[in-house]
Amino acid sequence: MSLHPQAVHFPIALLLVSSILTLWNERRPHHELAITARWCLKIGWWSSLLAVMTGILAAALAFDQIRQQLTWINSHAVVSLSLVAVYWRLVLGKPLPAAAQKRRHLLGIGLIVLAGWLGGQLSERI
Numbered sequence: 001m002s003l004h005p006q007a008v009h010f011p012i013a014l015l016l017v018s019s020i021l022t023l024w025n026e027r028r029p030h031h032e033l034a035i036t037a038r039w040c041l042k043i044g045w046w047s048s049l050l051a052v053m054t055g056i057l058a059a060a061l062a063f064d065q066i067r068q069q070l071t072w073i074n075s076h077a078v079v080s081l082s083l084v085a086v087y088w089r090l091v092l093g094k095p096l097p098a099a100a101q102k103r104r105h106l107l108g109i110g111l112i113v114l115a116g117w118l119g120g121q122l123s124e125r126i
C-alpha cells in the first residue's frame, strides 16, 4: 500500500494557506500573519518533498501495473516537481519585489490545482 495518498493533503493545505496568507498580508500587513504564512510555507514545502518521494516510490514499485498510464504519471510528476521548485524560491527567504512574490504565489496555487487534478485523474485510472 502506498503512503502517497496520505502524504499529499498536508502539503497542499499548508502551501495554499501560506500563499493565501501572504497575499492577504500584502493588502493588510500584520506581523503574526506573516510569521504564520512563513511557517506554513516551510512545513508545507518539506512535507511536499515527502509527498513527491512517496509518489515516486509508489510509481516505481507498481511500474508494471501502471505502464499504460505513463503519460499521466509523467505529467503529474513534472507539475509536482515544478511546484516544489516554485515554492523553494520562497522558502529561501531572499527578498523578492512584491509583484514577483505575488506572481510566484499565484503560480504556486495554479500548480497545486493542476497537480491535484492530475493526481485525481491518476487515482481514477489506476
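When we follow full-length UniProt numbering, the leftmost residue of the sequence shown carries the number 1, and every step to the right adds one.
We put the beta carbon where it would ideally sit given N, CA and C, even for glycine.
Just to confirm, are Ala58 and Leu106 a CB contact at a threshold of 9 Å? Contact flag unset, no.
C-alpha distance - Pro11 paired with Ser47, whole-angstrom precision: For Pro11 and Ser47, the distance between alpha carbons rounds to 5 Å.
Helix, strand or coil, according to DSSP, for Leu3 in the structure here? It is coil, neither helix nor strand.
Just tell me which of Gly120, Leu122, Ile109 and Leu114 has its CA closest to the CA of Ser18. Out of Gly120, Leu122, Ile109 and Leu114, Ile109 has the C-alpha closest to the C-alpha of Ser18.
Evaluate Ser80 with the Cβ neighbour count: other Cβ atoms within 10 Å of its Cβ, from every protein chain shown; 16 or more gives buried, anything less gives exposed. So Ser80 counts as buried.
In or out: Leu71 buried (at least 16 other Cβ within 10 Å) or exposed? Sequence inspection shows Thr at residue 71; the Leu mentioned does not correspond to that position. So Thr71 counts as exposed.
Shortest alpha-carbon distance to Ile43 belongs to which of Ala13, Asn25 and Asn74? Closest option to Ile43, judged by alpha-carbon separation, among Ala13, Asn25 and Asn74: Ala13.
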